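A.B. asks:
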Amino acid sequence: MQDRTVAYSKTEQVHLVQPADLNGGGRLFGGTLLKMIDEIAAIVAMRHTGLKTVTTAAIDNLIFKSGAYLNDLIVLIGYITYTGRTSMEVRVDAYVERGDGMRYPINRAYVVLVALDDNNHPSVIPQLILENDIQREENRMA
Numbered sequence: 000m001q002d003r004t005v006a007y008s009k010t011e012q013v014h015l016v017q018p019a020d021l022n023g024g025g026r027l028f029g030g031t032l033l034k035m036i037d038e039i040a041a042i043v044a045m046r047h048t049g050l051k052t053v054t055t056a057a058i059d060n061l062i063f064k065s066g067a068y069l070n071d072l073i074v075l076i077g078y079i080t081y082t083g084r085t086s087m088e089v090r091v092d093a094y095v096e097r098g099d100g101m102r103y104p105i106n107r108a109y110v111v112l113v114a115l116d117d118n119n120h121p122s123v124i125p126q127l128i129l130e131n132d133i134q135r136e137e138n139r140m141a
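In structure tokens form, the structure reads like this:
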């Protein structure tokens, strides 16, 4: 099993906010955003582990900073911050991308996932190669 860098599994997704995504106040449902976050965290974890099955064990932190509205573009960027023996932490930052091309933060979440083997038991994963001081600090804080 080969250890992997943060960049190896870093993933970016873009979603268009549609009418079915909105609550009665005209804002993106928090639960809809949470589904997007959970999905990208799982994709990052699967890429890191070589496409093993993963399951969400916890959402370590979830901070809603701002709302999103109809036809907003939601950009999610996820990457590994920490690996244990069978678990990993994925940071997911969510932004609204406006017409000026700028991205404005709306959410940050830390999701803990566990890799599973074919019998649904925790499975050993590749370790994380930390390449700079920012990655080492995030790893230390995880």
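67 is the number that numbering that gives the first Met the number 0 gives to position 68 of the sequence shown; each next residue is one higher, with no gaps. Where is the CB? At the ideal position from N, CA and C, for every residue including glycine. Computed from a prediction, not measured in an experiment: that's the story for all the values here.
1) With respect to the beta strand (DSSP E) encompassing Gly-77, which residues constitute its N-terminal and C-terminal limits?
2) My guess is that Thr-52 and Leu-115 are in contact by the Cβ rule of under 8 angstroms, so how many angstroms apart are they, rounded?
3) If you run the structure through DSSP and keep just helix, strand and coil, what is Asn-138?
4) I'd like the span of the beta strand (DSSP E) that includes Ala-57, first residue to last.
5) Three-state secondary structure (DSSP) at Arg-102?
6) Mapping the DSSP letters down to three states, classify Asp-2 as helix, strand or coil.
C.D. replies: The answer reads as follows:
1) For the purposes of this step, residue 77 is taken as residue 78 along the sequence shown, with counting starting at 1. Looking at the DSSP string, the run of the beta strand (DSSP E) that includes Gly-77 is 72 to 82.
2) To locate residue 52, count along the sequence shown from 1; it is residue 53. To locate residue 115, count along the sequence shown from 1; it is residue 116. Rounded, the Cβ-Cβ distance is 5 angstroms, consistent with contact.
3) Translated into the one-based positions of the sequence shown, residue 138 becomes position 139. It is helical.
4) As a position in the sequence shown, residue 57 is number 58, starting the count at 1. Where Ala-57 is concerned, the enclosing beta strand (DSSP E) stretches over 52 to 63.
5) In the sequence shown, the residue the question calls residue 102 occupies position 103. Three-state result, Arg-102: strand.
6) Position 3 of the sequence shown, counted from the start, is the residue given in the question as residue 2. Three-state result, Asp-2: coil.
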